[in-house]
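Numbering (my numbering), first residue to last: 277 to 601.
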Ligand SMILES: Nc1ncnc2c1ncn2[C@@H]1O[C@H](COP(=O)(O)OP(=O)(O)O)[C@@H](O)[C@H]1O
Ligand SMILES: [Mg+2]
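The structure is reproduced here in structure tokens:
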């Protein structure tokens with residue numbers, strides 16, 4: 277793997293709840309190479325958005341960082357003051373969140389919002405700002421006449437693309453996207469993903485992408501992380517995780533998406549519910565739903581273990597691999 281742009285180390289996030297702290301992200305670690313596209317999948321509530329918020333240092337109460345490091349180009353973001361973080365936002369890391377449809381300021385034109393972001397982070401002249409604003413809109417196939425439009429004057433798909441244009445405005449090294457296409461129809465989704473991918477090749481930024489759409493994952497991501505109950509249970513090259521998922525949860529997840537080229541489908545393949553995050557079971561968090569679970573699984577929490585460039589959090593996989601060796 278080339279020089280990592282991002283190193284996440286044992287990241288933990290808790291939400292304060294009436295029943296006590298809920299561990300929504302429980303010790304997540306991964307590296308992201310420059311220019312790499314990492315997809316994250318897992319059923320609703322498994323902590324994908326919370327993880328992205330924690331990486332971008334955007335957690336707010338009742339969420340809080342309970343431990344770990346987020347090294348961006350070697351700088352630990354978890355130790356920075358808000359004003360120091362502000363220097364990195366947009367320039368180094370930009371974020372398109374799940375609610376991006378509503379993230380634009382309704383009272384400002386698209387052009388004014390792009391200008392504000394440029395003024396906050398650069399010394400660019402008005403002329404340069406106008407030129408760059410038109411350029412990023414063109415990248416996402418929005419005509420420059422819409423610099424004068426207010427968000428409500430754009431369609432949902434255009435607003436989403438305008439958000440992505442804003443995210444790319446200052447050529448960040450990492451773009452974090454949380455289901456950015458989920459509000460779009462299939463045709464608009466495909467065209468947006470195609471644009472993101474063309475831009476990634478042109479500009480060389482890395483992407484962390486959360487999605488329910490397995491066809492997006494299979495077409496665009498270099499590596500795939502599968503999350504369950506706040507943990508990464510499997511991480512590897514996308515093709516490998518698709519073709520040979522090793523964790524029983526990943527296997528169930530892949531079976532729930534029989535056709536990679538078909539429409540996205542809700543996860544239906546695995547009976548049962550995820551565990552309580554306030555009072556999680558002692559052993560493997562997936563054990564209560566796992567057809568293969570044994571006593572060890574029910575009593576000892578498995579570590580994420582690396583086999584080559586593939587990582588799996590499962591006692592049974594660990595045992596099989598040891599016997600194979
Ligand atoms: N503001 C909040 N307060 C309490 N719990 C929360 C809050 N936001 C999320 N959670 C809980 O954290 C867990 C992870 O949520 P989330 O990160 O949104 O999952 P995902 O994006 O994978 O659907 C879920 O159990 C959810 O209920
Ligand atoms: Mg989410």
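Where a beta carbon is used, it is the ideal one built from N, C-alpha and C, also for glycine. None of the values given here were measured: they were computed from a predicted structure.
When secondary structure is reduced to three states using DSSP, residue 547 falls in the coil class, being assigned neither helix nor strand. Its Cα nearest to that of residue 555, the residue 505 stands out among 591, 505, 509, 511. Ligand 1 has no heavy atom closer than 6 Å to the beta-carbon of residue 385. Judged by beta-carbon spacing, residue 366 lies within the 7 Å limit of residue 446, meaning their Cβ atoms are closer than that value.
With a 10 Å radius around the Cβ and a threshold of 16 neighbouring Cβ atoms, residue 419 comes out exposed. CA-to-CA, the gap between residue 461 and residue 357 works out to about 40 Å.
The stretch 585-593 makes contact with the stretch 561-573: 3 or more CB pairs, one atom from each, lie closer than 8 Å. In its chain, beyond the 5 residues on either side, 302 have a beta carbon closer than 6 Å to the beta carbon of residue 507. Chain-ordered, the residues whose CB falls short of 5 Å from any heavy atom of ligand 1 come out as 291, 300, 320, 321, 322, 323, 324, 325, 326, 338. Rounded to whole angstroms, the separation of the alpha carbons of residue 389 and residue 400 is 15 Å. Shortest gap from the CB of residue 436 to any heavy atom of ligand 2: 6 Å or more. Straight-line measurement puts the Cα of residue 297 at about 37 Å from the Cα of residue 472. Residue 465 is positioned such that its CB atom lies no closer than 7 Å to that of residue 474. For the 7 Å CB-CB criterion, residue 560 and residue 524 do not form a contact. Per the coordinates, the alpha-carbon of residue 576 lies some 10 Å from the alpha-carbon of residue 557.
Here the distance from the Cβ of residue 587 to the nearest heavy atom of ligand 2 is not below 6 Å. Within the chosen limit of 6 Å, ligand 2 reaches the beta carbon of residue 374 through at least one heavy atom.
Less than 7 Å separates the beta-carbon of residue 316 from that of residue 486.
Distance from the CA of residue 348 to the CA of residue 433, rounded to the nearest whole angstrom, comes to 31 Å. Relative to residue 512, the option among 308, 291, 290 whose CA is nearest is 308. Residue 518 is bridged by DSSP to nothing; it lacks a bridge partner. Boundaries cannot be given for residue 337, as no alpha helix (DSSP H) includes it and DSSP labels it neither H nor E. Relative to residue 429, the option among 403, 455, 391, 383 whose CA is nearest is 383. When the five nearest sequence neighbours on each side are left out, the beta carbons in the same chain lying within less than 7 Å of the beta carbon of residue 332 are those of 369, 371, 452, in order along the chain. For the stretch 412-453, there is no continuous beta strand (DSSP E) assignment of 3+ residues that stays within its boundaries.
Just so you know, the alpha carbons of residue 499 and residue 407 end up roughly 35 Å apart.
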